[in-house]
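**Student:**
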Amino acid sequence: MNRYVSSFFLISIISVLSACGGDSRAASDTAVSTPAATDSASAARAEPSINIPLTDLLPPLVATDPASDYAERCGADGLICVRWVESKLAEWEKFFGCDHRAVFPTVYRLLTKQTRLQLEEDPSVFDDPAGLGFEALQFYALYDEMITDHLAGKPIAPAWQTAMDAANSGNWSGGHDMLLAINAHVQRDMPFAVANTGLTLPNGKSRKRDHDRFNTVLNTAYPIIVREVGRRYDPLMTIVANLGLPVNLVSQQLVAVWREGVWRNAERLSVSQEPTWQSLTHESIELQANLTAIAMKVGETPQRRSLRDAYCEAALVE
């Protein structure tokens, strides 16, 4: 059932990406001028966000030993680790500038910022905010390792290679750069980050409730992220942002379905250390993430790259 639901949302996202492909001439008038720089976070915060907690109804299947208490490492509220990750992503964002690979550090930084804001406002939303902070470290380490290897010309995971190829060449939209990288980081990387953090709280209860609660943070951050990608990297994403709640809801639920798969893959990684089982699990995670990436590479548009480059350069000047 999860596979069919995921397929429905993927088809919806592909439709949006295909629409973003459109006629490149439609965006040519905005290619060298950008919307006035605004506080995107403030602008989007008032937008409605609906969380449909479908995945919350699915219980954890695997019981594991209690995880470590990460409060000493990340602080009881997790903020030491989350703030550090946010600062590292800001460095990557600055490093890439208008390179299309900058889209994901921007997306990732804004999501991490929203996580920080939630923890600063009320960390008790989560049963184990320190564990959330430690998972953020584990998650970021996988991105840092990938992008460092990529820049050094070393092999990287197939889903990431598909995302980096799109960012480095061709005429793909900012939406492609965003979703291809999110897919690689969530579907490919995140099961390992979750498994490395542990599936249980220090008191022995499952961490899945915190995992599902984080979807609310994602839903709050999503319109902020789309508007900022539109402001800085691709005016077509501003059009997507203005489509409002229905499109936002489809995208948010797609990621929620992906994250449910993340939890199940983390369970598979944790249930057995037998080498053959581990190898098969790793291979299936890689395959699923890359097949999703390949399916999302639709809607390439002539001249999109040059238009985006000029648009971003103007945005950075402002």
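According to mature numbering (1 follows the signal peptide of the UniProt record, and there is no 0), the stretch in the sequence shown is residues -21 to -1, 1 to 297, in order. Backbone N, C-alpha and C define an ideal beta-carbon position, used for all residues, glycine too.
1) Examine the Cβ distances between the region 205 to 212 and the region 130 to 150 and report whether three or more of them are shorter than 8 Å.
2) I'd like to know if the region 97 to 110 and the region 182 to 193 are in contact, where contact means that at least 3 CB-CB pairs between them fall below 8 Å.
3) From this set, Pro281, Arg243, Ser258, which residue's C-alpha is nearest Val165's C-alpha?
4) Looking only at DSSP bridge pairs, what is Met152 linked to?
5) Once the 5 residues before and after Val61 are set aside, which same chain residues still bring their CB inside 8 Å of it?
6) What are the start and end residues of the alpha helix (DSSP H) that includes Leu89?
7) Would you kindly work out how many angstroms separate the C-alpha atoms of Glu246 and Val196, rounded to a whole number?
8) What does Ser185 pair with, by DSSP beta-bridge criteria?
9) Tell me whether Gln252 sits in a helix, a strand or coil according to DSSP, three-state version.
10) So which of Pro214, Asn198, Ser258 has the shortest CA-CA distance to Val236?
11) Thinking C-alpha only, which one of Asn182, Ser249, Leu68 is nearest Ala172?
12) Just to confirm my understanding: we take Ala69, look at its own chain, exclude 5 residues before and 5 after, and list those with CB closer than 6 Å. What are they?
13) If we count the other Cβ atoms within 10 Å of its Cβ and call it buried at 16 or more, is Val205 buried or exposed?
14) Could you check what DSSP says for Ala10 in three-state terms: helix, strand or coil?
15) Ile135 by DSSP, collapsed to three states: which one?
16) Suppose the cutoff is 7 Å on Cβ atoms and the five residues either side in sequence are ignored; what does the same chain contact list for Ser21 look like?
17) Step through the CB atoms of chain B and report whether any lies within less than 7 Å of the CB of Glu253.
18) Using the beta-carbon count (16 or more within 10 Å), is Ile273 buried or exposed?
19) Do you know how far the Cα of Thr176 is from the Cα of Asn162?
20) Measuring straight from C-alpha to C-alpha, what distance separates His129 and Val86?
21) Label Ser7 either buried or exposed according to how many other C-beta atoms from any shown protein chain fall within 10 Å of its C-beta, with 16 as the threshold for buried.
22) Is DSSP giving Lys276 helix, strand or coil here?
23) Which residue marks the beginning of the alpha helix (DSSP H) containing Ser66, and which one marks its end?
24) Need the endpoints of the alpha helix (DSSP H) that Pro108 sits in, please.
25) Which residues in the same chain as Met169 place their Cβ atom closer than 6 Å to its Cβ, once the five residues preceding and following it in sequence are excluded?
26) Quick one: what's got a C-beta closer than 6 Å to Arg80's C-beta in the same chain, skipping five residues either side?
27) Tell me whether the beta-carbon of Ala55 lies closer than 7 Å to the beta-carbon of Thr179.
28) Is the distance from the Cβ of Ala142 to the Cβ of Ala131 below 7 Å?
29) Have a look at Leu286, Trp256, Arg238 and flag the residue whose alpha-carbon is nearest the alpha-carbon of Leu215.
**Tutor:** Judging by the given coordinates:
1) No, they do not touch.
2) Three or more beta-carbon pairs separated by less than 8 Å link the region 97 to 110 to the region 182 to 193, which places the two stretches in contact.
3) If you number the sequence shown from 1, residue 165 lands on position 186. That would be Arg243, whose Cα lies nearest to the Cα of Val165.
4) As a first step, residue 152 is located in the sequence shown; it is residue number 173 there, counting from the start. First, the amino acid is wrong: residue 152 is Ser here, not Met. For Ser152, no pairing in a beta bridge is given by DSSP.
5) Start at 1 with the first residue of the sequence shown, and residue 61 comes out as number 82. Result list for Val61: Cys53, Thr91, Thr94, Arg95, Leu98, Leu111, Gly112, Ala115, in chain order.
6) Translated into the one-based positions of the sequence shown, residue 89 becomes position 110. Start and end: 82 to 100.
7) Counted from its first residue, the sequence shown places residue 246 at position 267. Counted from its first residue, the sequence shown places residue 196 at position 217. Those two C-alpha atoms are separated by around 23 Å.
8) In the sequence shown, the residue the question calls residue 185 occupies position 206. Beta-bridge partners assigned by DSSP to Ser185: Thr179.
9) Walking along the sequence shown from the start, residue 252 turns up at place 273. Three-state DSSP puts Gln252 in coil, outside helix and strand.
10) Taking the first residue of the sequence shown as position 1, residue 236 is located at position 257. Measuring from the Cα of Val236, the nearest candidate turns out to be Asn198.
11) For the purposes of this step, residue 172 is identified with residue 193 of the sequence shown, where counting begins at 1. Comparing Cα-Cα distances from Ala172 to each of Asn182, Ser249, Leu68, the minimum goes to Ser249.
12) Within the sequence shown, numbered from 1, the residue matching residue 69 stands at position 90. Cβ within range, chain order: Arg88.
13) Translated into the one-based positions of the sequence shown, residue 205 becomes position 226. Buried.
14) By one-based count along the sequence shown, residue 10 stands at place 31. Bear in mind that a pLDDT of 39 at Ala10, under 50, signals an unreliable position, so the number given afterwards is only what the model happens to contain. Coil, per DSSP.
15) For the purposes of this step, residue 135 is taken as the residue at position 156 of the sequence shown. The answer is coil: DSSP assigns Ile135 none of H, G, I, E or B.
16) Translated into the one-based positions of the sequence shown, residue 21 becomes position 42. Bear in mind that the predicted position of Ser21 carries a pLDDT of just 39, short of 50, making it too unreliable to give a figure here.
17) No chain B is part of this structure, which consists of one protein chain only.
18) As a working note, residue 273 is residue 294 in the sequence shown. So Ile273 counts as exposed.
19) The residue labelled residue 162 in the question sits at position 183 within the sequence shown. The residue labelled residue 176 in the question sits at position 197 within the sequence shown. Rounded to whole angstroms, Asn162 to Thr176 spans 20 Å at the Cα level.
20) For the purposes of this step, residue 129 is taken as the residue at position 150 of the sequence shown. For the purposes of this step, residue 86 is taken as the residue at position 107 of the sequence shown. Each residue's Cα considered, the two are about 19 Å apart.
21) Taking the first residue of the sequence shown as position 1, residue 7 is located at position 28. Note that Ser7 scores a pLDDT of 40, beneath 50, so its modelled location is shaky; the value from the coordinates is reported in the next line. Exposed, because fewer than 16 other Cβ atoms sit within 10 Å of the Cβ of Ser7.
22) As a first step, residue 276 is located in the sequence shown; it is residue number 297 there, counting from the start. Three-state result, Lys276: coil.
23) The residue labelled residue 66 in the question sits at position 87 within the sequence shown. Secondary structure note for Ser66: its alpha helix (DSSP H) is the uninterrupted segment 58 to 75.
24) Locating residue 108 in the sequence shown gives position 129, where the first residue counts as 1. Looking at the DSSP string, the run of the alpha helix (DSSP H) that includes Pro108 is 108 to 130.
25) Reading the sequence shown from its first residue, position 190 is the one you call residue 169. So the list reads Val241, once near-sequence residues are dropped.
26) Against the sequence shown, residue 80 aligns to sequence position 101. Counting only Cβ-Cβ distances below 6 Å, and skipping sequence neighbours, we find Ala146.
27) The sequence position of residue 55 within the sequence shown is 76, counting from 1. The sequence position of residue 179 within the sequence shown is 200, counting from 1. No, they are not a contact pair.
28) Position 163 of the sequence shown holds residue 142. Position 152 of the sequence shown holds residue 131. Cβ atoms of Ala142 and Ala131: not closer than 7 Å.
29) For the purposes of this step, residue 215 is taken as residue 236 along the sequence shown, with counting starting at 1. Among Leu286, Trp256, Arg238, the Cα nearest to that of Leu215 belongs to Leu286.
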